[in-house]
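Inspection log for the structure reproduced underneath, given as structure tokens.
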Amino acid sequence: MIARIAALVLVCATAFMPVAATAQSGPLRIEITEGVIEPLPYAVPDFVAESAEAEQFAAELSRVIASDLTGTGLFREIPRDAHIARVSSFGAPVQFADWKAINAQALITGSVSADASGRLVVKFRVWDVFAGQELGQGMQFASDTSGWRRLAHKVADEVYSRLTGESPYFDSRVVFVSETGPKDARQKRLAIMDYDGANVQYVTDDSSIVLAPRFSPNGDRVLYTSYQTGFPRIHLLTVGTVSSTILQVGDGVMSFAPRFSPDGRMVVYSLTQGSNTDIYAMDLASGATRQLTSAPSIETAPSFSPDGQRIVFESDRSGTQQLYVMPAMGGEAQRISFGEGRYGTPVWSPRGDRIAFTKQNGGRFHIGVMRTDGSEERLLTASFLDEGPTWAPNGRVIMFSRETQGAQGSSALYSVDISGRNLKRVRTPAGASDPSWGPLQ
Numbered sequence: 201m202i203a204r205i206a207a208l209v210l211v212c213a214t215a216f217m218p219v220a221a222t223a224q225s226g227p228l229r230i231e232i233t234e235g236v237i238e239p240l241p242y243a244v245p246d247f248v249a250e251s252a253e254a255e256q257f258a259a260e261l262s263r264v265i266a267s268d269l270t271g272t273g274l275f276r277e278i279p280r281d282a283h284i285a286r287v288s289s290f291g292a293p294v295q296f297a298d299w300k301a302i303n304a305q306a307l308i309t310g311s312v313s314a315d316a317s318g319r320l321v322v323k324f325r326v327w328d329v330f331a332g333q334e335l336g337q338g339m340q341f342a343s344d345t346s347g348w349r350r351l352a353h354k355v356a357d358e359v360y361s362r363l364t365g366e367s368p369y370f371d372s373r374v375v376f377v378s379e380t381g382p383k384d385a386r387q388k389r390l391a392i393m394d395y396d397g398a399n400v401q402y403v404t405d406d407s408s409i410v411l412a413p414r415f416s417p418n419g420d421r422v423l424y425t426s427y428q429t430g431f432p433r434i435h436l437l438t439v440g441t442v443s444s445t446i447l448q449v450g451d452g453v454m455s456f457a458p459r460f461s462p463d464g465r466m467v468v469y470s471l472t473q474g475s476n477t478d479i480y481a482m483d484l485a486s487g488a489t490r491q492l493t494s495a496p497s498i499e500t501a502p503s504f505s506p507d508g509q510r511i512v513f514e515s516d517r518s519g520t521q522q523l524y525v526m527p528a529m530g531g532e533a534q535r536i537s538f539g540e541g542r543y544g545t546p547v548w549s550p551r552g553d554r555i556a557f558t559k560q561n562g563g564r565f566h567i568g569v570m571r572t573d574g575s576e577e578r579l580l581t582a583s584f585l586d587e588g589p590t591w592a593p594n595g596r597v598i599m600f601s602r603e604t605q606g607a608q609g610s611s612a613l614y615s616v617d618i619s620g621r622n623l624k625r626v627r628t629p630a631g632a633s634d635p636s637w638g639p640l641q
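Residue numbers (the numbering used here): 201 to 641.
Printed below as a string of structure tokens:
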């Protein structure tokens, strides 16, 4: 298959089909291989500072952009000390021969300035080096100085989309449970961070145990389970505030595992009465509730399909923990997991084509994905304890929790792409678990 750089979409669009990108004297060639992706080499020189106030941000912007792109595993940055050409002006002609000489197939140039109000303005261009032409048109983004990292993520998102044809995900946030203290007395509180672990902000204190936070579809609210009253109850927090409200689902009952509907108007959750746990739905505006399951078993971890028509959930109605899909308003459920072991914590992909899950089998935990009918199951990870997958906004990357073994074991966040490649840890200030990836900002 022959394609220019802009058609690197084949790397991602083939999903589980391993591919490699190799440089040619003309077009970029994408070849099917035995499972290794050859990352696309690119260069991103330090952005040009067009004002004295912008000098402190110029190099940092290009570093964050490079970190975003390289972190996908699809791109390889050519170190700055290998650059032959120097970019001194945003409008200067590109010396393509110098970039070809170091095998840079894509080039990102940019500048940063401060306007009259003190806001940062970032301009950038993306170049196909071997074709000697610009990919798309130059763009600019603006923000106050505190948002400089978001500007870098926005640039990286645009570059990523132009070079892959995929939707972006860098300018997004993750809500998670921050954990401190020993394993037998762990303190937990909710925190929100950029997708790469930067800009951590704590949104609850550690006075009570909190679990399973879930972003709303537009990122303005968070659902989570709290033991503040002594037993699990669902709380709703508006991002940017310090107080939350408890969803009134009944007196003296345990409610947990909440998740928003795609339009943000409803919440599905599990509720335990006596020895039975079923799935319910609540209309947030009216408070009206509806019981969706009524089997004499444990039904939990519901997740809507992106179109809001179906719900995937876990149940032990067959005797072991398995995954089922039912209509969004309840009704007959179809089992979709049939492999060995136990399945749980299913989450529907934003693209609607796959479901991520946790699987326990043979003393190991795995994060996996399958088609929505249960076919094409693929395990992406294996460890002592991997659990709680959450999807990036573009449906191509999954973040999850990993806990290490032993009395001193700790939890951390990891990400992996849907092919099982590019497994890496997401750096957080302390232990972390239960991530929920929010939408693009």
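Virtual Cβ for every residue (Gly too), placed ideally from N, Cα, C. Remember, it's a predicted structure, so these values are computed and weren't measured experimentally.
Spatial neighbours of Phe341 in its chain, beta-carbon cut-off 6 angstroms, leaving aside the 5 residues before and after: Translated into the one-based positions of the sequence shown, residue 341 becomes position 141. Val322, Leu351 and Lys354.
Cβ-based neighbour list, Thr558, same chain, cut-off 6 angstroms, excluding 5 preceding and 5 following: Residue numbering aside, residue 558 sits at position 358 when the sequence shown is read from its first letter. Excluding positions up to five away in sequence, the list reads Gly544, Thr545 and Glu587.
Proximity to Leu585 [Cα-Cα], best of Gly430, Ser262, Gly595 and Gly609: Translated into positions along the sequence shown, residue 585 becomes position 385. Checked all of Gly430, Ser262, Gly595 and Gly609; the closest Cα to Leu585 is Gly609.
For Ala533 and Ile194, the rounded distance between their alpha carbons: Given that the chain is displayed from residue 201 to residue 641, the structure contains no residue 194 and the question cannot be resolved.
Beta-bridge pairing of Val626 - partner residues as DSSP gives them: Here residue 626 corresponds to residue number 426 of the sequence shown, with the count starting at 1. Paired residues: Leu613.
Inter-residue spacing [alpha-carbon to alpha-carbon] between Met393 and Asn399: The sequence position of residue 393 within the sequence shown is 193, counting from 1. The sequence position of residue 399 within the sequence shown is 199, counting from 1. Cα to Cα, Met393 sits roughly 5 angstroms from Asn399.
Stretch pair the segment 261-274 + the segment 288-301: three plus CB contacts closer than 8 angstroms: Output reads no: the segment 288-301 does not touch the segment 261-274.
Alpha carbon of Leu471 to alpha carbon of Phe456, nearest angstrom: Numbered from its first residue, the sequence shown carries residue 471 at position 271. Numbered from its first residue, the sequence shown carries residue 456 at position 256. Annotation: Leu471 to Phe456 spans about 7 angstroms, alpha carbon to alpha carbon.
Buried/exposed call for Gln522, threshold 16 Cβ in 10 Å: Translated into positions along the sequence shown, residue 522 becomes position 322. Residue environment: Gln522 is assigned as buried (16 or more neighbouring CB atoms within 10 Å of its CB, all protein chains considered).
Own chain, CB closer than 6 angstroms to Phe247, minus 5 neighbours either side, in chain order: Within the sequence shown, numbered from 1, the residue matching residue 247 stands at position 47. If we look at Phe247 and ignore the five residues flanking it on each side, its Cβ neighbours are Ala258, Leu261, Ser262, Gly310, Ser311 and Val312.
Assigned exposure category for Gly638 - 16 Cβ within 10 Å defines buried: Stepping through the sequence shown from its first residue, residue 638 is reached at position 438. Classification of Gly638: buried, given that the 10 Å Cβ count is 16 or more.
Ala352 - containing alpha helix (DSSP H), residue span: Counting from one through the sequence shown, the residue named residue 352 turns up at place 152. Note, Ala352: alpha helix (DSSP H), Trp348 to Thr364.
Asp442 classed as buried or exposed, judged by whether at least 16 other C-beta atoms fall within 10 angstroms: Sequence index remark: in the sequence shown, residue 442 carries index 242 (1-based). At residue 442 the sequence reads Val, which differs from the Asp that was named. Val442 is exposed by the Cβ-count criterion.
Coil, strand or helix - Gly539 by DSSP: For the purposes of this step, residue 539 is taken as residue 339 along the sequence shown, with counting starting at 1. It is coil, neither helix nor strand.
For Lys388 and Asp406, believed in contact at Cβ under 8 angstroms, the rounded distance: Taking the sequence shown and counting its residues from 1, the one referred to as residue 406 is at position 206. Taking the sequence shown and counting its residues from 1, the one referred to as residue 388 is at position 188. Right, the Cβ-Cβ distance comes to about 6 angstroms (below 8 angstroms), so this counts as a contact.
Inter-residue Cα distance where the pair is Met291 and Arg325: Within the sequence shown, the letter at position 91 stands for residue 291. Within the sequence shown, the letter at position 125 stands for residue 325. A small correction: the amino acid at residue 291 is Gly; Met does not occupy that position in the sequence shown. Near 10 angstroms, if we compare the C-alpha coordinates of Arg325 and Gly291.
Backbone CA spacing between Asn594 and Gln448 [nearest angstrom]: Looking up residue 594 in the sequence shown gives position 394. Looking up residue 448 in the sequence shown gives position 248. Separation of Asn594 and Gln448 (C-alpha to C-alpha, rounded to the nearest whole angstrom) is 33 angstroms.
Pairwise C-alpha distance: Glu379 and Gly552: Taking the first residue of the sequence shown as position 1, residue 552 is located at position 352. Taking the first residue of the sequence shown as position 1, residue 379 is located at position 179. Spanning the two alpha carbons is a distance of roughly 32 angstroms.
Residue nearest to Pro368 in terms of C-alpha spacing, selected from Phe376, Val374 and Val359: Position 168 of the sequence shown, counted from the first residue, corresponds to residue 368. Ranking Phe376, Val374 and Val359 by Cα distance to Pro368 puts Val359 first.
Proximity below 8 angstroms, CB of Ala243 to CB of Leu307: The sequence position of residue 243 within the sequence shown is 43, counting from 1. The sequence position of residue 307 within the sequence shown is 107, counting from 1. In this structure, the beta-carbon distance from Ala243 to Leu307 falls below 8 angstroms.
Euclidean distance between Cα positions of Ser175 and Ala285: In this structure the chain extends from 201 to 641, so residue 175 is not present and cannot be described.
Cα-Cα separation, Ile567 to Leu580: Translated into positions along the sequence shown, residue 567 becomes position 367. Translated into positions along the sequence shown, residue 580 becomes position 380. Here the alpha carbon of Ile567 sits roughly 6 angstroms from the alpha carbon of Leu580.
Cβ pair Gln177, Ser372 closer than 8 angstroms: Past the edges of the chain, shown from 201 to 641, lies residue 177, and the structure says nothing about it.
Nearest-angstrom Cα separation, counted from Ser426 out to Val626: Taking the sequence shown and counting its residues from 1, one reaches residue 626 at position 426. Taking the sequence shown and counting its residues from 1, one reaches residue 426 at position 226. Rounded to the nearest angstrom, the two C-alpha atoms are 25 angstroms apart.
N-terminal and C-terminal residue of the alpha helix (DSSP H) that Ile265 is part of: The residue labelled residue 265 in the question sits at position 65 within the sequence shown. That run of the alpha helix (DSSP H) goes Glu255 to Thr270.
Pro458 classed as buried or exposed, judged by whether at least 16 other C-beta atoms fall within 10 angstroms: What you label residue 458 is simply residue 258 of the sequence shown in a count that begins at 1. Buried, since its Cβ has 16 or more Cβ neighbours within 10 Å.
Residue nearest to Pro629 in terms of C-alpha spacing, selected from Asp396, Val294 and Asp451: On the sequence shown, position 429 is the one that residue 629 refers to. Of the candidates Asp396, Val294 and Asp451, the one whose C-alpha sits nearest the C-alpha of Pro629 is Asp396.
Beta-carbon gap between Val375 and Val422 smaller than 8 angstroms: Residue 375 sits at position 175 when you count from the first residue of the sequence shown. Residue 422 sits at position 222 when you count from the first residue of the sequence shown. Against a cut-off of 8 angstroms, the Cβ pair of Val422 and Val375 comes out as a contact.
Status (buried if at least 16 other CB within 10 Å, exposed otherwise) for Thr477: As a position in the sequence shown, residue 477 is number 277, starting the count at 1. When all chains shown are included, Thr477 counts as buried.
Assigned exposure category for Glu603 - 16 Cβ within 10 Å defines buried: On the sequence shown, position 403 is the one that residue 603 refers to. Under this definition Glu603 is a buried residue.
Where the alpha helix (DSSP H) containing Asp298 begins and where it ends: The residue labelled residue 298 in the question sits at position 98 within the sequence shown. DSSP places Asp298 in the uninterrupted alpha helix (DSSP H) bounded by Phe296 to Ala301.
Through-space distance from Leu390 to Ser172, alpha-carbon basis: Coverage of the chain is limited to positions 201 through 641, which leaves residue 172 absent and any answer about it impossible.
Paired residues, beta bridge with Ile237 - DSSP: Position 37 of the sequence shown, counting from 1, holds the residue named residue 237. According to DSSP, which records beta bridges pairwise, Ile237 is partnered with nothing at all.
Chain-order list of residues whose beta-carbon lies under 8 angstroms from that of Val453 (same chain, five-residue window excluded): Position 253 of the sequence shown holds residue 453. Counting only Cβ-Cβ distances below 8 angstroms, and skipping sequence neighbours, we find Leu471, Thr472 and Gln473.
Given Arg280 as reference, the closest of Pro635, Pro241, Gly271 and Arg386 once Cα atoms are compared: As a working note, residue 280 is residue 80 in the sequence shown. Considering only alpha carbons, the answer is Pro241.
CA-to-CA distance, Ser636 to Phe415, given in whole angstroms: Translated into positions along the sequence shown, residue 415 becomes position 215. Translated into positions along the sequence shown, residue 636 becomes position 436. C-alpha separation (whole angstroms): 6 angstroms.
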